[in-house]
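Numbering (UniProt numbering), first residue to last: 1 to 585.
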């Protein structure tokens, strides 16, 4: 495996031997869990021994792969578009910007990773290895932190599904003074950990430290597979419990983390093991304060997402073949779900103790679901909706087929919104709600389940849904985070190759402005490797720019031009007055 960690600026590569195998991400298979989950060290060690003694299936599960490909094709939305080049004015004539020097070209951007069978000197043996065709795996790694040591380290994982890679992956994430146990938050040592194609067997949790992004190869996504002996709450976890009242991070430190482009497979774990794919103050969420997730496919398991958070938004989630609840809400102040799809699920959304406080003093405040599609399920939403302080629910623009009941009261079994039964037609729900409603005149009333006036959707803010032929209300327009999967060297401009230092000392204003201007002239994408970039005057990002950062690089405004409180001056400006267009940052 190659896990690259270029901010400290370590590029971590964990070697692997065999070719890539893909499988599907699983939903959680857990029952309701307590607020803590402590795993003794001895149990972790025993799980690792058992994992290596038990071969993993190497088939990749054609059924789940086929389902994944089907869902991907249904999404079908482009996540980025090439921007038209900006025309410069020359000597009285409009002309395109000339091509930049060699630093822009792929030849100089290309990684120093040596392919199998080669070395830099004589080509006699392997050094660093990359089996990926993704640009991020192959470009020259210039990311660095001025506050941390540099260097390349190999942590010894294989990524062939045979040895236990847990310890090597966790060493790659934690090495070098990272913000882990007893850390109240730090931006000094960020990290990007990159997984090339492969199968990575783990016997206990991969601990995602604060200020860490975990990225899999988007072209051939790696598979992280939990061994039958797996012990831990999540295959990837963002918090570690040491006792019933002690954990590594407080709830407010759920920021500065991301996970993308992975298959997480828990099919080999026992059903009674209470294993989930990701324990975030995330996909299994018992606490946390704010977050976002999108473009996730949940296949199988007892639960898809077991959630609880202060304010959370999720979009473009796909749930299929879930045995119990696709989404189980333990607590939430406010949750918004948009563009969610359910198929062959017992219950789409199950709200626990609606309106009542749970054991840790929290309840479910409000739930908004919009632009929903589902088929083949017992119930869409179940909750205890029997009094005015119950969870407020709003359902808008939903299409359902073969659903026994749309909304049911959990304790009594009373059906609040009847389903379509065995009807062959798809039944739309335009706007239905339960809770206190304020009208346009400011008057508030309690609605005990019924139709509620839906807001008008302006055409410029909508797009066709999956079943636009039978839906009279279109989806809200959304754009997923651009992945920039298929890029050549000529599409990418590295600001450090254009003279920016990112060392926290030298003024990078001129270099950054030059890079942004050149990229806009050529429809190129600006890549900002990790660093601390000192800015002493405004940096302008032109209209039409596309910008990628590596693990949240810091753009630090400082100096006399930003000191006059009566004359505020922007550190970063996107476009100039009078511009029209788009920018992706």
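Positions of the beta carbon are idealized from the N, C-alpha and C atoms, including for glycine.
- The beta carbon of residue 85 sits closer than 7 Å to the beta carbons of 96, 521, 522 and 523 from its chain, once the five residues preceding and following it are set aside; these are given in chain order.
- For residue 428, the beta-bridge partners assigned by DSSP are 399.
- Fully enclosed alpha helix (DSSP H) runs of no fewer than 4 residues occupy 509 to 522 of the segment 475 to 525, in order along the chain.
- Residue environment: residue 444 is assigned as exposed (fewer than 16 neighbouring CB atoms within 10 Å of its CB, all protein chains considered).
- DSSP, read as helix, strand or coil, puts residue 452 in coil.
- Rounded to whole angstroms, the gap between the alpha carbons of residue 428 and residue 225 is 39 Å.
- When secondary structure is reduced to three states using DSSP, residue 411 falls in the coil class, being assigned neither helix nor strand.
- Under the 8 Å Cβ criterion, the segment 501 to 519 does not count as touching the segment 474 to 488, having fewer than three qualifying pairs.
- Restricting attention to 558, 200 and 526, the CA atom closest to the CA of residue 536 is found in 558.
- For residue 234, the CB contacts under 7 Å within the same chain, skipping 5 residues up- and downstream, are 205, 276, 277, 278, 279 and 284 in chain order.
- Residue pairing of residue 212 in beta bridges, as defined by DSSP: 191 and 257.
- When the Cα atoms are used, residue 380 and residue 324 turn out to be separated by approximately 12 Å.
- Bounds of any alpha helix (DSSP H) do not take in residue 221, whose DSSP letter is neither H nor E.
- The continuous stretches of beta strand (DSSP E) do not include residue 473, and DSSP gives it neither H nor E.
- In the structure shown, residue 239 falls within a coil segment according to DSSP collapsed to helix, strand and coil.
- Contact between residue 229 and residue 51 holds, since their C-beta atoms are separated by about 5 Å, short of 8 Å.
- About 7 Å separates the Cβ atoms of residue 312 and residue 332, confirming a contact at the 8 Å cut-off.
- Contact check for residue 541 and residue 525: beta-carbon distance about 12 Å, past the 8 Å limit, so the pair fails to qualify.
- In terms of Cβ geometry, residue 375 and residue 348 do not form a close pair [threshold 8 Å].
- Across the structure, residue 480 and residue 340 are spaced so that their CA atoms are roughly 14 Å apart.
- For residue 136, the enclosing alpha helix (DSSP H) begins and ends at 135 to 138.
- Residue nearest to residue 144 within the set 550, 581 and 573 is 550 (criterion: CA-CA distance).
- Cβ-Cβ separation between residue 417 and residue 385: approximately 10 Å, too far for a contact (criterion under 8 Å).
- Here the segment 209 to 218 makes contact with the segment 254 to 266; the two share three or more CB pairs at distances below 8 Å.
- Taking residue 534 as the centre and dropping the five residues before and after it, the same chain places the C-beta of 504, 505, 506, 507, 508, 556 and 558 closer than 7 Å to its C-beta, in chain order.
- In the structure shown, the three-state DSSP call for residue 569 is coil.
- Taking the Cα positions, residue 570 is about 32 Å away from residue 193.
- Residue 528 has its alpha-carbon roughly 22 Å from the corresponding atom of residue 176.
- Across the structure, residue 232 and residue 240 are spaced so that their CA atoms are roughly 10 Å apart.
- In the three-state scheme derived from DSSP, where H, G and I count as helix and E and B as strand, residue 169 is classed as helix.
- CA-CA distance, residue 309 to residue 207, rounds to 20 Å.
- Counted as a single uninterrupted DSSP element, the alpha helix (DSSP H) harbouring residue 43 occupies residues 41 to 53.
- Within the segment 327 to 387, the complete beta strand (DSSP E) segments of 3 residues or longer fall at 341 to 351 and 364 to 383, listed in chain order.
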